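Residue numbers (UniProt numbering): 1 to 488.
Each residue gets a CB set at the ideal place from its N, CA and C atoms; glycine is no exception.
In this text, all values refer to a predicted model and were calculated from it rather than measured experimentally.
Here the structure comes first, spelled out in C-alpha cells, and everything after it is commentary.
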Amino acid sequence: MFCGVQSQSERKEREVRAVVTVWRTHYIYGTVYIAANYSDSWFPAGMAPGLLNLGNTCFLNSLLQGLAACPSFIRWLEKFAALPSIQSCKDNQLSTTLLQLLKALSSDEPGEDDVLDAGCLLDVLRLYRWHISSFEEQDAHELFHVLTSSLEEERDRQPKVTNLFDMHSLESLPDQDEKTMTCRSRAPLHPIPSPWKFQHPFHGRLTSNMFCKRCELQSPVRYDSFDSLSLSIPLPQWGRPISLDQCLQHFISSETIKEVECENCTKLQQATTINGPVVESQRTTFVKQLKLGKLPQCLCIHLQRLTWSSEGTPIKRQEHVQFAEYLSMDHYKHNTSTQRSQRLRCTAKSIKAESRDDSVEKPSANGSDSEHHNNNKPFSNGTCSSVLLHTSGVNPQLSLAYDYSSTEYLFQLTAVLVHHGDMHSGHFVTYRRSPSSSRSSSPFSCQWLWMSDDSVRKASLHEVLSSNAYMLFYERVRRLGLSLQSEQ
Numbered sequence: 001m002f003c004g005v006q007s008q009s010e011r012k013e014r015e016v017r018a019v020v021t022v023w024r025t026h027y028i029y030g031t032v033y034i035a036a037n038y039s040d041s042w043f044p045a046g047m048a049p050g051l052l053n054l055g056n057t058c059f060l061n062s063l064l065q066g067l068a069a070c071p072s073f074i075r076w077l078e079k080f081a082a083l084p085s086i087q088s089c090k091d092n093q094l095s096t097t098l099l100q101l102l103k104a105l106s107s108d109e110p111g112e113d114d115v116l117d118a119g120c121l122l123d124v125l126r127l128y129r130w131h132i133s134s135f136e137e138q139d140a141h142e143l144f145h146v147l148t149s150s151l152e153e154e155r156d157r158q159p160k161v162t163n164l165f166d167m168h169s170l171e172s173l174p175d176q177d178e179k180t181m182t183c184r185s186r187a188p189l190h191p192i193p194s195p196w197k198f199q200h201p202f203h204g205r206l207t208s209n210m211f212c213k214r215c216e217l218q219s220p221v222r223y224d225s226f227d228s229l230s231l232s233i234p235l236p237q238w239g240r241p242i243s244l245d246q247c248l249q250h251f252i253s254s255e256t257i258k259e260v261e262c263e264n265c266t267k268l269q270q271a272t273t274i275n276g277p278v279v280e281s282q283r284t285t286f287v288k289q290l291k292l293g294k295l296p297q298c299l300c301i302h303l304q305r306l307t308w309s310s311e312g313t314p315i316k317r318q319e320h321v322q323f324a325e326y327l328s329m330d331h332y333k334h335n336t337s338t339q340r341s342q343r344l345r346c347t348a349k350s351i352k353a354e355s356r357d358d359s360v361e362k363p364s365a366n367g368s369d370s371e372h373h374n375n376n377k378p379f380s381n382g383t384c385s386s387v388l389l390h391t392s393g394v395n396p397q398l399s400l401a402y403d404y405s406s407t408e409y410l411f412q413l414t415a416v417l418v419h420h421g422d423m424h425s426g427h428f429v430t431y432r433r434s435p436s437s438s439r440s441s442s443p444f445s446c447q448w449l450w451m452s453d454d455s456v457r458k459a460s461l462h463e464v465l466s467s468n469a470y471m472l473f474y475e476r477v478r479r480l481g482l483s484l485q486s487e488q
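And the structure:
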C-alpha cells in the first residue's frame, strides 16, 4: 500500500498555499518545526494540528496522527526520553524527536500553530540508516516497523553490566591502580534499566505450539515477539460482510502438518511389544496452533489488502472489514492453565497407555478453555457498532452490545488509517480521537477527527466505522466506575 503522486493541480495548490502561509518558526530541543497558519484565528479547542505534506509524506503524516492518539505510547516515550543516558547523548535521538512531535499533535490547549512540519523525523531516521525519501512512494505500515525497530535499537544502546565471564571485555578495561579500584568497589551500584521495563507498549508475544492428533502430546510452547498483527482478509462467503473477528480467527486458525515424527507415539507403540523387535519411529499428524501469549497495551492491527492476480500482478482488496469501537481479545489469548492441564493429561496417558483419564476435561484443539467460553458467549468484534445502540438516559460509553464485566482483555479504538487509491498510487488519511481535555478523567475523547495532511475536520463515529481500514490502533482499557479508562 503506497502513498502515490497526487494530481498536478492539487500539488501546485498545496505548495502555493504552504509557501504563502508559512509565517512562523520555533525550536524544540534544537529541532526546527515550521508552523503554518491558514487563518487569522487560532485553531479551536477540541481539534488537533495538521501536518505539512513535503511531497509524498502523507504516509508519515497519517501514522504520526495515529500514534498521537495513543496516550500510553506518549507516556512511555516521556519515561524513556527522561533516562539520563538519553538526555546526556549529544546525538539526535529518535525518542525525543518523536515525543515532541506527538505531544504537539496531542495537546488539548488551543495554539497558534495549526500545521506542523514532520521533516525533522525523516532527518533523524536517516541517521539510523533508514533512507526514506519524501518524494518516493512509501507504506505507513512499513514506516511503523521502522519506528519501533529504531526505538528498540536506541533502547539496546543503554549501558549494561559487564559479565564476569566475559574475559575479553574485562581485559579491555583501562588499567587502574589499587586505590582507584578499591574506591570503585565501594561505590554504590546504580540501577541498570531492565530491557523488559522499557519495552514499548506495542510489544506483544505470540505463542506457537504443536500437538499430536493421535496421542495428543503437546510440544513446549514457543514465544515470538510482535509489534503489530498483520491479518489477511478472508474471501467473502455468499456476499456476507467480513468482520475483524473473522480476520483474527483466520490468523489463529490451526494448521495441519502431516508426517511428523512423534516420540511419544513411538514409546507407546514400543510398550505394547514387550521383548519384541524395535519399533520404527511413528510418524503422525500434528496440529500447529497460534495464540496471543502477551497482549500489548497498544494494539496495532494491519489488514493485508495486497493480493495477487492469476497473471501475477498486485491487486488491492477493496472490501470493507467491519470493526467496532471496542475489541474483546479474550478468545485469542493463550491460556496457560489449560495448556498445563493438557500436558498433565498427556503425561498420564504416556505412563499407562491402556487407561484413559476421562475426569480431565479435554480442551479444544485451538488451546482455548472450554469452560471459559461456556461462561462467556463469543464476542463478535466488528459486527455491531455502539453508535447504533445509544439510548436516552444511558452513558454512551456503556451502551454496548456486550457485557464487558466478564471481558478481561478489552481494547478501545483510538485511530484508523485509510488508504485511498490502488497499489501504485494513492493517499493516506487518518481518523483519530481529538486530544482529551486535561479536565477530563478519561484519556480518550468522544470527538473524532478526519486528518488529511494539513486538512482537519470533525467526523462522526459512524463515518469512522464505515471506512475501509488499513491500520487500526486500539488501546487496552479497564472499567473504573461508570467509564472506561486506560490500563496504565
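Tell me which same chain residues have a C-beta within less than 7 Å of the C-beta of residue i, skipping the five on either side of it?
| i | result |
| --- | --- |
| residue 149 | none |
| residue 437 | 108 |
| residue 304 | 230, 231, 232, 233 |
| residue 319 | 233, 236, 242 |
Does DSSP classify residue i as helix, strand or coil?
| i | result |
| --- | --- |
| residue 61 | helix |
| residue 240 | coil |
| residue 138 | coil |
| residue 224 | strand |
| residue 282 | coil |
| residue 211 | strand |
| residue 421 | strand |
| residue 109 | coil |
| residue 314 | strand |
| residue 325 | coil |
| residue 300 | strand |
| residue 229 | strand |
| residue 235 | coil |
| residue 414 | strand |
| residue 51 | strand |
| residue 250 | helix |
| residue 199 | coil |
| residue 266 | helix |
| residue 308 | strand |
| residue 384 | Only weak support exists for where residue 384 lies, its pLDDT of 42 falling under 50; the coordinates are left without a value. |
| residue 132 | coil |
Residue i: which of the options sits nearest, CA to CA?
| i | options | result |
| --- | --- | --- |
| residue 73 | 59, 287, 99 | 99 |
| residue 435 | 54, 51, 65, 60 | 65 |
| residue 217 | 317, 157, 48, 262 | 262 |
| residue 333 | 219, 267, 248, 151 | 248 |
| residue 442 | 412, 254, 238, 315 | 412 |
| residue 157 | 228, 132, 128 | 128 |
| residue 460 | 468, 431, 439 | 431 |
| residue 255 | 473, 288, 151 | 288 |
| residue 301 | 153, 311, 244, 271 | 244 |
| residue 89 | 155, 75, 295, 323 | 155 |
| residue 264 | 469, 219, 198, 278 | 219 |
| residue 222 | 292, 468, 85 | 292 |
| residue 56 | 449, 445, 426 | 426 |
Excluding sequence positions up to five away, which residues of its chain have a Cβ less than 6 Å from the Cβ of residue i?
| i | result |
| --- | --- |
| residue 316 | 305, 422, 423 |
| residue 298 | 70, 72, 73, 201, 202, 475 |
| residue 224 | 206 |
| residue 447 | 46, 434 |
| residue 414 | 69, 70, 433, 473, 475 |
| residue 286 | 210, 212, 257, 260 |
| residue 119 | 54 |
| residue 246 | 234 |
| residue 445 | 433, 434, 436 |
Going by the DSSP bridge assignment, what does residue i pair with across the sheet?
| i | result |
| --- | --- |
| residue 155 | Per DSSP, none; premise fails for residue 155. |
| residue 205 | 225, 294 |
| residue 475 | 298, 412 |
| residue 450 | 431, 457 |
| residue 469 | 418 |
| residue 257 | 286 |
| residue 119 | None; residue 119 has no bridge partner. |
Are residue i and residue j touching if we call contact CB-CB under 8 Å?
| i | j | result |
| --- | --- | --- |
| residue 290 | residue 226 | no |
| residue 125 | residue 146 | yes |
| residue 321 | residue 284 | no |
| residue 204 | residue 114 | no |
| residue 116 | residue 52 | yes |
| residue 416 | residue 464 | yes |
| residue 468 | residue 429 | no |
| residue 272 | residue 282 | no |
| residue 83 | residue 48 | no |
Can you find the residues in the same chain that come closer than 8 Å, C-beta to C-beta, to residue i, ignoring five residues on each side of it along the sequence?
| i | result |
| --- | --- |
| residue 77 | 95, 98, 99, 102 |
| residue 143 | 59, 60, 63, 132 |
| residue 308 | 314, 315 |
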